[in-house]
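>
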Amino acid sequence: MRVRTVLLALAFLAGCAESAPKGPPDDRPAADGVRQEFQDACAIAKKLLDHYRPEGLDQFTDKKHGTFEPLLKTGVLTEKDGRTIDGLGLEYFTFRRSAAFSRQYEFSFDYSPGRSPNTSERVILNHRGEPIWEPEEVDVSSDLPADVTAMWAVDHEGRSPTEAIPIASRVFNTVQLIGLRRDQIVALVGDHHSRRPDGKYNSPFWPPDPGDLVYRFDTGSYGWQFNVKLDGAGICTGVERLWIH
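Structure (C-alpha coordinates):
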(Lines of atoms letter the chains of each structure in order from A and count residues from 1; the text may use other names and numbers.)
(Lines give C-alpha, C1' and ligand atoms only; values in the text may rest on other atoms or scores of the structure.)
Protein backbone atom coordinates (compact mmCIF):
# COMPACT_ATOMS: atom_id res chain seq x y z
CA MET A 1 0.00 0.00 0.00
CA ARG A 2 1.13 3.56 -0.53
CA VAL A 3 2.34 5.28 2.64
CA ARG A 4 3.89 8.69 3.22
CA THR A 5 7.33 8.83 4.80
CA VAL A 6 7.70 12.14 6.63
CA LEU A 7 10.99 11.88 8.50
CA LEU A 8 14.11 10.00 7.47
CA ALA A 9 16.77 11.58 9.65
CA LEU A 10 19.00 8.63 10.30
CA ALA A 11 22.42 9.22 8.76
CA PHE A 12 22.35 5.83 7.08
CA LEU A 13 19.11 6.69 5.33
CA ALA A 14 20.48 10.00 4.14
CA GLY A 15 23.47 8.17 2.73
CA CYS A 16 21.26 5.73 0.88
CA ALA A 17 19.63 8.63 -0.94
CA GLU A 18 22.75 9.49 -2.90
CA SER A 19 21.75 8.93 -6.49
CA ALA A 20 25.30 8.85 -7.84
CA PRO A 21 27.84 7.42 -5.38
CA LYS A 22 31.26 8.88 -6.08
CA GLY A 23 34.36 6.96 -7.02
CA PRO A 24 37.64 7.37 -8.87
CA PRO A 25 37.45 9.08 -12.27
CA ASP A 26 37.04 6.55 -15.05
CA ASP A 27 36.82 6.79 -18.85
CA ARG A 28 34.98 3.50 -19.24
CA PRO A 29 31.43 3.84 -20.60
CA ALA A 30 28.55 3.70 -18.11
CA ALA A 31 25.24 1.96 -18.79
CA ASP A 32 22.01 3.88 -18.13
CA GLY A 33 23.95 6.73 -16.56
CA VAL A 34 25.46 4.50 -13.85
CA ARG A 35 29.21 4.67 -13.44
CA GLN A 36 31.11 1.56 -14.47
CA GLU A 37 33.01 1.34 -11.19
CA PHE A 38 29.71 1.38 -9.31
CA GLN A 39 28.40 -1.44 -11.50
CA ASP A 40 31.62 -3.37 -10.81
CA ALA A 41 31.20 -2.84 -7.06
CA CYS A 42 27.58 -4.04 -7.25
CA ALA A 43 28.66 -7.23 -9.04
CA ILE A 44 31.32 -7.96 -6.42
CA ALA A 45 28.89 -7.20 -3.58
CA LYS A 46 26.36 -9.66 -5.02
CA LYS A 47 29.01 -12.40 -5.09
CA LEU A 48 29.86 -11.64 -1.47
CA LEU A 49 26.17 -11.79 -0.53
CA ASP A 50 25.63 -15.06 -2.40
CA HIS A 51 28.70 -16.63 -0.80
CA TYR A 52 28.49 -15.50 2.83
CA ARG A 53 24.78 -14.72 3.16
CA PRO A 54 23.92 -11.91 5.63
CA GLU A 55 24.66 -14.08 8.64
CA GLY A 56 28.21 -14.67 7.46
CA LEU A 57 28.75 -11.07 6.41
CA ASP A 58 27.82 -9.74 9.87
CA GLN A 59 31.41 -10.44 10.99
CA PHE A 60 32.84 -7.80 8.64
CA THR A 61 32.53 -4.52 10.52
CA ASP A 62 34.51 -1.32 10.90
CA LYS A 63 36.55 -3.19 13.51
CA LYS A 64 37.08 -6.32 11.42
CA HIS A 65 37.36 -5.70 7.70
CA GLY A 66 36.79 -8.30 5.01
CA THR A 67 39.58 -8.88 2.49
CA PHE A 68 39.47 -10.13 -1.07
CA GLU A 69 42.53 -12.40 -1.23
CA PRO A 70 40.92 -15.48 0.42
CA LEU A 71 37.93 -15.18 -1.93
CA LEU A 72 40.19 -14.99 -4.98
CA LYS A 73 42.18 -18.02 -3.84
CA THR A 74 39.06 -20.15 -3.35
CA GLY A 75 37.41 -19.07 -6.60
CA VAL A 76 34.51 -17.17 -5.04
CA LEU A 77 35.88 -14.19 -6.94
CA THR A 78 37.32 -14.75 -10.41
CA GLU A 79 40.59 -13.58 -11.90
CA LYS A 80 38.59 -10.92 -13.75
CA ASP A 81 37.15 -9.78 -10.40
CA GLY A 82 40.71 -9.58 -9.10
CA ARG A 83 41.74 -7.34 -11.99
CA THR A 84 38.70 -5.15 -11.35
CA ILE A 85 39.54 -4.90 -7.65
CA ASP A 86 43.15 -4.00 -8.46
CA GLY A 87 42.06 -1.52 -11.14
CA LEU A 88 39.71 0.25 -8.78
CA GLY A 89 42.23 0.17 -5.95
CA LEU A 90 39.87 -1.56 -3.50
CA GLU A 91 41.57 -2.63 -0.29
CA TYR A 92 38.88 -4.20 1.91
CA PHE A 93 35.14 -4.21 2.57
CA THR A 94 32.71 -3.88 5.45
CA PHE A 95 29.04 -4.82 5.78
CA ARG A 96 26.00 -3.72 7.73
CA ARG A 97 22.27 -4.32 7.64
CA SER A 98 19.81 -1.49 7.27
CA ALA A 99 18.43 -0.50 10.66
CA ALA A 100 15.21 0.75 9.09
CA PHE A 101 14.33 -1.33 6.03
CA SER A 102 13.82 -5.04 5.58
CA ARG A 103 16.61 -7.13 4.05
CA GLN A 104 18.66 -4.22 2.73
CA TYR A 105 22.44 -4.60 3.02
CA GLU A 106 25.18 -1.99 2.74
CA PHE A 107 28.66 -2.86 1.49
CA SER A 108 31.44 -0.33 1.83
CA PHE A 109 34.48 -0.94 -0.38
CA ASP A 110 37.44 1.08 0.87
CA TYR A 111 40.04 2.39 -1.55
CA SER A 112 43.76 2.00 -1.03
CA PRO A 113 45.35 5.30 0.12
CA GLY A 114 45.93 7.67 -2.76
CA ARG A 115 43.82 5.74 -5.30
CA SER A 116 40.75 7.95 -5.13
CA PRO A 117 39.66 11.37 -3.82
CA ASN A 118 36.96 9.41 -1.94
CA THR A 119 37.57 6.92 0.83
CA SER A 120 35.06 4.27 -0.24
CA GLU A 121 32.48 3.05 -2.74
CA ARG A 122 29.15 2.23 -1.12
CA VAL A 123 26.64 -0.27 -2.49
CA ILE A 124 23.23 -1.17 -1.06
CA LEU A 125 21.58 -4.41 -2.19
CA ASN A 126 18.29 -6.09 -1.43
CA HIS A 127 18.06 -9.76 -0.47
CA ARG A 128 18.09 -10.75 -4.15
CA GLY A 129 21.36 -8.91 -4.73
CA GLU A 130 19.77 -6.03 -6.66
CA PRO A 131 20.90 -2.42 -6.08
CA ILE A 132 18.71 -0.18 -3.93
CA TRP A 133 18.56 3.36 -5.30
CA GLU A 134 16.25 5.17 -2.88
CA PRO A 135 15.75 4.97 0.93
CA GLU A 136 12.37 3.24 0.96
CA GLU A 137 10.81 -0.05 1.90
CA VAL A 138 10.52 -2.46 -1.02
CA ASP A 139 10.24 -5.80 0.76
CA VAL A 140 7.02 -7.70 1.50
CA SER A 141 6.19 -10.44 3.97
CA SER A 142 6.13 -14.04 2.82
CA ASP A 143 4.70 -15.13 6.21
CA LEU A 144 2.60 -12.25 7.49
CA PRO A 145 1.38 -13.86 10.75
CA ALA A 146 4.96 -14.71 11.75
CA ASP A 147 6.15 -11.21 10.88
CA VAL A 148 3.31 -9.60 12.82
CA THR A 149 4.28 -11.65 15.87
CA ALA A 150 7.96 -10.75 15.45
CA MET A 151 7.34 -7.01 15.09
CA TRP A 152 5.54 -6.93 18.46
CA ALA A 153 8.43 -8.59 20.32
CA VAL A 154 10.01 -6.74 23.25
CA ASP A 155 13.17 -7.16 25.28
CA HIS A 156 13.32 -7.45 29.07
CA GLU A 157 12.88 -3.68 29.36
CA GLY A 158 9.82 -3.57 27.11
CA ARG A 159 11.64 -2.08 24.09
CA SER A 160 11.54 -3.34 20.53
CA PRO A 161 14.60 -5.44 19.65
CA THR A 162 16.61 -4.14 16.69
CA GLU A 163 15.36 -6.90 14.38
CA ALA A 164 11.73 -5.86 14.99
CA ILE A 165 12.19 -2.48 13.32
CA PRO A 166 12.78 -3.63 9.71
CA ILE A 167 10.19 -6.38 10.20
CA ALA A 168 7.59 -3.76 11.15
CA SER A 169 8.58 -1.79 8.06
CA ARG A 170 8.05 -4.89 5.94
CA VAL A 171 4.67 -5.64 7.52
CA PHE A 172 3.31 -2.15 6.89
CA ASN A 173 4.58 -2.30 3.32
CA THR A 174 2.68 -5.57 2.85
CA VAL A 175 -0.74 -5.06 4.38
CA GLN A 176 -3.49 -3.26 2.50
CA LEU A 177 -5.21 -1.21 5.20
CA ILE A 178 -7.02 1.45 3.16
CA GLY A 179 -10.74 0.76 3.24
CA LEU A 180 -10.58 -1.46 6.32
CA ARG A 181 -12.42 -0.70 9.57
CA ARG A 182 -10.49 -0.19 12.78
CA ASP A 183 -11.48 -3.62 14.12
CA GLN A 184 -10.35 -5.28 10.88
CA ILE A 185 -6.99 -3.52 11.09
CA VAL A 186 -6.47 -4.67 14.68
CA ALA A 187 -7.44 -8.21 13.69
CA LEU A 188 -4.85 -8.12 10.91
CA VAL A 189 -1.83 -6.46 12.57
CA GLY A 190 -2.83 -6.25 16.23
CA ASP A 191 -2.44 -3.29 18.57
CA HIS A 192 -0.38 -2.63 21.67
CA HIS A 193 -3.28 -3.38 24.01
CA SER A 194 -3.52 -6.98 22.83
CA ARG A 195 0.01 -7.64 21.57
CA ARG A 196 2.28 -5.58 23.81
CA PRO A 197 0.45 -4.46 26.97
CA ASP A 198 3.69 -4.08 28.94
CA GLY A 199 5.66 -2.32 26.21
CA LYS A 200 7.76 0.67 27.21
CA TYR A 201 6.85 2.71 24.13
CA ASN A 202 3.10 2.32 23.72
CA SER A 203 2.45 6.05 23.40
CA PRO A 204 3.27 8.07 20.27
CA PHE A 205 6.72 9.57 19.76
CA TRP A 206 5.42 12.02 17.12
CA PRO A 207 2.11 13.79 17.86
CA PRO A 208 -0.62 12.10 15.80
CA ASP A 209 -3.72 13.69 14.38
CA PRO A 210 -6.96 13.21 16.33
CA GLY A 211 -8.44 9.82 15.62
CA ASP A 212 -5.24 8.19 14.36
CA LEU A 213 -4.57 4.57 15.23
CA VAL A 214 -0.89 4.73 16.22
CA TYR A 215 1.68 1.95 15.97
CA ARG A 216 5.12 2.56 17.50
CA PHE A 217 8.11 0.22 17.32
CA ASP A 218 11.09 1.70 19.15
CA THR A 219 14.42 0.35 20.38
CA GLY A 220 14.91 3.39 22.60
CA SER A 221 17.32 4.82 20.03
CA TYR A 222 15.37 4.59 16.79
CA GLY A 223 12.35 2.97 15.20
CA TRP A 224 9.15 3.49 13.21
CA GLN A 225 5.83 5.12 13.99
CA PHE A 226 2.87 4.36 11.72
CA ASN A 227 -0.18 6.60 12.01
CA VAL A 228 -3.19 4.86 10.51
CA LYS A 229 -5.59 7.55 9.36
CA LEU A 230 -9.26 6.87 10.11
CA ASP A 231 -12.25 8.86 8.90
CA GLY A 232 -15.33 9.63 10.95
CA ALA A 233 -16.71 6.17 10.28
CA GLY A 234 -13.51 4.50 11.48
CA ILE A 235 -12.38 3.52 7.96
CA CYS A 236 -8.71 3.73 7.03
CA THR A 237 -7.91 6.40 4.46
CA GLY A 238 -4.09 6.14 4.53
CA VAL A 239 -0.98 5.43 6.57
CA GLU A 240 1.68 7.91 7.62
CA ARG A 241 5.18 6.47 8.14
CA LEU A 242 7.49 8.38 10.52
CA TRP A 243 11.08 7.63 11.44
CA ILE A 244 11.91 7.85 15.15
CA HIS A 245 15.41 9.07 15.95
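Last residue of the sequence shown: 353 in our numbering, with the numbers rising by one and none dropped. From the three backbone atoms N, C-alpha and C, an ideal C-beta is built for every residue, glycine too.
With Thr192 as the anchor, note down where its alpha helix (DSSP H) starts and where it stops.
Thr192 -> alpha helix (DSSP H) spans Glu187 to Leu196.
> Considering only the beta carbon of each residue, do Cys150 and Val231 sit closer than 7 Å?
Their beta carbons are under 7 Å apart, which means Cys150 touches Val231 by this criterion.
> Under the three-state reduction of DSSP, which class applies to Asn281: helix, strand or coil?
Helix, per DSSP.
> Ends of the alpha helix (DSSP H) at Asp148?
Segment Gln144 to Leu165, the alpha helix (DSSP H) holding Asp148.
> Would Leu321 count as contacting chain D if we go by Cβ distances under 7 Å?
Here chain D cannot be found, since the structure has a single protein chain.
> Identify every run of the alpha helix (DSSP H) within the segment 244 to 272, keeping only runs that are complete inside it and at least 4 residues long; order them along the chain.
Taking only runs of at least 4 residues, the alpha helix (DSSP H) segments lying wholly in the segment 244 to 272 are 252 to 259.
> Using DSSP with H/G/I as helix, E/B as strand and the rest coil, what is Pro178?
In this structure, Pro178 counts as helix in the three-state DSSP scheme.
> Which one of Thr270, Ala295 and Ala272 has the shortest CA to CA distance from Val283?
Checked all of Thr270, Ala295 and Ala272; the closest Cα to Val283 is Ala295.
> Just verifying my parser: in three-state terms, what is the DSSP assignment at Val294?
Helix.
> Does Ser250 pass the burial test, meaning 16 or more other C-beta atoms within 10 Å, or should it be called exposed?
Ser250 should be labelled exposed.
> Classify Ile240 as helix, strand or coil using the three-state DSSP reduction.
Ile240 falls in the coil class under three-state DSSP.
> Which residues in the same chain have their Cβ closer than 8 Å to the Cβ of Val279, if we skip the five residues on either side of it in sequence?
Contacts found: Ser249, Leu252, Asp255, Val256, Met259 and Val297.
> According to DSSP, which residues form a beta bridge with Val231?
Note: Val231 sits in a beta bridge opposite Phe215.
> If I'm right that Gly331 touches Ile273 with Cβ under 8 Å, what's the distance once you round it to whole angstroms?
That belief holds up - the Cβ atoms of Gly331 and Ile273 are roughly 5 Å apart, short of 8 Å.
> Over what stretch of residues does the beta strand (DSSP E) that includes Arg324 continue unbroken?
Note, Arg324: beta strand (DSSP E), Leu321 to Asp326.
> Are three or more beta carbon pairs between the segment 181 to 189 and the segment 207 to 220 nearer than 8 Å?
In short, these stretches do not touch, since the Cβ pair count stays below three.
> In three-state terms, what does DSSP make of Arg303?
Here Arg303 sits in helix by DSSP.
> How big is the Cα-Cα spacing for His300 and Leu198?
Approximately 47 Å between the Cα atoms of the pair.
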